[in-house]
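S.K.: Chains as they are written, first to last, in this note's numbering: chain B, 4 to 318; chain U, 46 to 322. Yeah, the Cβ is synthetic: ideal placement off N, Cα and C, and Gly gets one too.
1) Check whether chain U comes within 8 Å of residue 94/B, counting only Cβ atoms and requiring the distance to be less than that.
2) For a cutoff of 8 Å on Cβ pairs, would you count residue 211/B as touching chain U?
3) Kindly list, in the order they appear in chain B, the residues whose Cβ is closer than 9 Å to that of residue 89/U.
4) Run down chain U in chain order and give the residues with a C-beta less than 7 Å from the C-beta of residue 88/B.
5) Buried or exposed for residue 25/B, please, with buried defined as at least 16 other CB atoms from any protein chain shown within 10 angstroms of its CB.
6) List the endpoints of the continuous alpha helix (DSSP H) containing residue 126/B.
7) In three-state terms, what does DSSP make of residue 79/U?
8) For the region 170–187 of chain U, enumerate the residues whose C-beta is nearer than 7 Å to any C-beta of chain B, in chain order.
9) Work out the CA separation of residue 127/B and residue 110/B for me, nearest whole Å.
10) Could you tell me whether the Cβ of residue 205/B comes closer than 8 Å to any Cβ of chain U?
11) Measuring alpha carbon to alpha carbon, tell me which of 196/U, 69/U and 233/U ends up nearest residue 174/U.
12) Taking 8 Å as the cut-off, decide whether the C-beta atoms of residue 22/B and residue 57/B are in contact.
13) Taking 7 Å as the cut-off, does the CB of residue 67/B come closer than this to any heavy atom belonging to the ligand MG?
14) Go to residue 91/B, then tell me how far its beta strand (DSSP E) extends in each direction, as first and last residue.
15) By the DSSP assignment, the alpha helix (DSSP H) with residue 125/U in it spans what residues?
16) Is it buried or exposed for residue 269/U, if we count other Cβ within 10 angstroms and need 16 for buried?
17) List, in order along the chain, the chain B residues whose C-beta lies closer than 8 Å to that of residue 284/U?
18) Compare the C-alpha of residue 354/U against each of 208/U, 305/U and 191/U and name the closest.
19) Using a threshold of 8 Å, state whether the C-beta atoms of residue 171/U and residue 80/U are closer than that.
20) Look at residue 15/B and residue 167/B and say whether their C-beta atoms are less than 8 Å apart.
21) List, in order along the chain, the chain U residues whose C-beta lies closer than 7 Å to that of residue 107/B?
22) Using the beta-carbon of each residue, which ones in chain U are nearer than 8 Å to residue 3/B?
23) Can you confirm whether residue 234/U, when its beta carbon is compared against all beta carbons of chain B, has any partner nearer than 8 Å?
24) Applying the criterion that 16 or more other CB atoms from any shown protein chain within 10 Å of the CB defines a buried residue, is residue 300/U buried or exposed?
25) Give, in chain order, every residue of the region 135–168 of chain U whose Cβ lies closer than 8 Å to some Cβ of chain B.
26) Mind checking residue 295/B: buried by the 16 CB within 10 Å criterion, or exposed?
27) Which residues mark the beginning and the end of the alpha helix (DSSP H) in which residue 225/B is found?
28) When you compare each of 232/U, 237/U and 137/U to residue 273/U by their alpha carbons, which one comes out closest?
29) By the criterion of Cβ-Cβ separation under 7 Å, what are the contact partners of residue 173/B in chain U?
Right under this line is the structure:
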């Protein structure tokens, strides 16, 4: 399906004032967003921000407290089984069926959707190929590495040819090689028109994969946009990182005033947000300051994220 | 076939269907999964469940039996001690199998294997999962009951064709315990709490007129035991084993029918609360 049709975009997910309370705790506090078909949409936020709860409500396995939610035109609270027929879900923790072999995991999961074996058998082989697990078809799930299990979980989530794929921290705990393989697979799905809904802690992952994302904190949307537009809006083009040694970092701030657009003092370094990092560094030298190390880098989504959600540890 | 908005009929169908978000009429898939998993791993556990009552029958019936001599059966006729305890042991094995399947097994799948979480992210609803698991527990109960009845036959403890009816009756007993067990397990959060199940089961096994008649107890203890499910199962199977039926037979069966109905209500309510919270 091509999302490039003219006219207003067709939204596969529409949430308005979506709210979830557990007793007195407000996990999701009136968030609204829409996702057009074929988009890769990210939910970013610290632990406990309400990302996973939002995912659960989309899948109809957690009922919202108030607000409205429509998945492919259906209400997941009323039509759980029908909504999930269009969804693929990759949960935060692998929940593969350890009592079944690799290929059987796919077949049995397909049966849960009521799909016939005549469809499932070739589909399972195709997905094993896609997940690079063909030679593991008869292995036990136990015997797979972390990356293989993750790929199998993704393959499993595709057995019903979902229109929407929900990925809850898909690459947490994987080594760089495994992550890159996984990203490549997700790109291919996106090319096929599958809508991706993704939560992640990794900002590089969000920048790589997401067309558009929302930053969520304490159940509320803090910002919304494409990775590039968020960086433009909430950060500068470049960042100059300076280290003066931990004693001087705290006091040097006054001497750096006026350089760049914004200054942030951290225990181990000083960050200067500037359009031109090299120019800022020259000005630092011109003032006679000699940092131990200096680094000019492009602004990243991580800068945006930390600015919006704060640097203090979320427990 | 761009299905960005699914046709209205799906919404209508779900609204008209009972338990709309809870049930997708696909119990079959859950059962098929269970059979496939059993095929690959659970054989030893299954066998031990079968041998347990057989070992009791040999130890108590063959070992202790000659010392006890013959005892009075349900119809008033004298029967051997082994023939007296065999149907009771069958009731116990139906109970144990169903309780194991619907408590420990479900507890593990719910809290550790996260199997149900995976299932419930598909088209399956909680009711499909519950009915599938209960069916599997009953299938296992049926296999145990058939095997044990055969052992009774081989040991010469069956004197009437009525005894064949012990098999469906044992499944009825298993159904009663399985439907309740799953609902109760949904309250359990830790292994320590799971131990309470054994704490209830063991005395019920020992004291429900399994090895000697109820008449040895004072009246008020008799009433207490008669309120417990296993006693009804023991009595029901004992009556069937000699083909001596009384109005009490209907009471025993009725007890289990009510138990099944209440258990299913409890389990469905709990599943709704647990999985659609």
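M.R.: Let me spell this out:
1) Counting from 1 along the first chain, the entry for residue 94/B is found at position 91. So yes, residue 94/B belongs to the interface.
2) Position 208 of the first chain, counted from the start, is the residue given in the question as residue 211/B. No, no contact with chain U.
3) Reading the second chain from its first residue, position 44 is the one you call residue 89/U. Chain B residues near residue 89/U: none, gap ~14 Å exceeds 9 Å.
4) For this step, residue 88/B is matched to residue 85 along the first chain. Residues of chain U with a Cβ closer than 7 Å to the Cβ of residue 88/B are, in chain order, 168.
5) For the purposes of this step, residue 25/B is taken as residue 22 along the first chain, with counting starting at 1. Around the beta-carbon of residue 25/B, fewer than 16 other beta-carbon atoms lie within 10 Å, marking it exposed.
6) Numbered from its first residue, the first chain carries residue 126/B at position 123. 120–133 is the span of the alpha helix (DSSP H), which, as asked, contains residue 126/B.
7) Locating residue 79/U in the second chain gives position 34, counting from the first residue. Residue 79/U falls in the helix class under three-state DSSP.
8) Hits within the stretch, in order: 170.
9) The sequence position of residue 110/B within the first chain is 107, counting from 1. The sequence position of residue 127/B within the first chain is 124, counting from 1. The straight-line gap from Cα to Cα measures roughly 7 Å.
10) Residue 205/B sits at position 202 when you count from the first residue of the first chain. By this cut-off, residue 205/B is not an interface position.
11) One-based indexing of the second chain puts residue 174/U at position 129. Nearest Cα to residue 174/U within the set 196/U, 69/U and 233/U: 69/U.
12) As a first step, residue 22/B must be located in the first chain, where it is residue number 19. As a first step, residue 57/B must be located in the first chain, where it is residue number 54. Using a Cβ distance threshold of 8 Å, residue 22/B and residue 57/B do not count as a contacting pair.
13) Only the bare structure without any ligand can be found here, which leaves the ligand MG out of the picture.
14) Sequence index remark: in the first chain, residue 91/B carries index 88 (1-based). Unbroken beta strand (DSSP E) run through residue 91/B: 90–93.
15) Against the second chain, residue 125/U aligns to sequence position 80. Annotation: residue 125/U is outside any alpha helix (DSSP H); the continuous beta strand (DSSP E) that includes it extends over 123–125.
16) Against the second chain, residue 269/U aligns to sequence position 224. Per the 10 Å Cβ criterion, exposed.
17) Counting from 1 along the second chain, the entry for residue 284/U is found at position 239. The contacting residues do not exist; residue 284/U stays about 39 Å from chain B at best.
18) Since the first residue of chain U shown is 46 and the last is 322, residue 354/U is not available in this structure.
19) Residue mapping note: residue 171/U aligns to position 126 of the second chain, counting from 1. Residue mapping note: residue 80/U aligns to position 35 of the second chain, counting from 1. No, the pair does not count as a contact, with Cβ atoms beyond the cut-off.
20) One-based indexing of the first chain puts residue 15/B at position 12. One-based indexing of the first chain puts residue 167/B at position 164. In this structure, residue 167/B lies closer than 8 Å to residue 15/B by Cβ.
21) Within the first chain, numbered from 1, the residue matching residue 107/B stands at position 104. Residues of chain U passing the Cβ test: 81.
22) What the structure shows of chain B is the stretch from 4 to 318, and residue 3/B is not part of that stretch, so it cannot be assessed.
23) Your numbering for residue 234/U matches position 189 in the second chain. With its beta carbon at least 8 Å from every one in chain B, residue 234/U lies outside the interface.
24) Taking the first residue of the second chain as 1, we reach residue 300/U at position 255. When all chains shown are included, residue 300/U counts as buried.
25) Residues passing the 8 Å Cβ filter: 158, 159, 160, 162, 163, 164, 165, 166, 167 and 168.
26) Counting from 1 along the first chain, the entry for residue 295/B is found at position 292. Residue 295/B sits exposed, since fewer than 16 C-beta atoms from the chains shown fall within 10 Å of its C-beta.
27) In the first chain, counting from the first residue as 1, residue 225/B sits at position 222. Counted as a single uninterrupted DSSP element, the stretch harbouring residue 225/B is not any alpha helix (DSSP H) but the beta strand (DSSP E) occupying residues 223–228.
28) What you label residue 273/U is simply residue 228 of the second chain in a count that begins at 1. Taking residue 273/U as reference, the option from 232/U, 237/U and 137/U with the minimal CA-CA separation is 137/U.
29) Position 170 of the first chain, counted from the first residue, corresponds to residue 173/B. Listed along chain U is no residue with a C-beta nearer than 7 Å to that of residue 173/B; the closest approach is about 15 Å.
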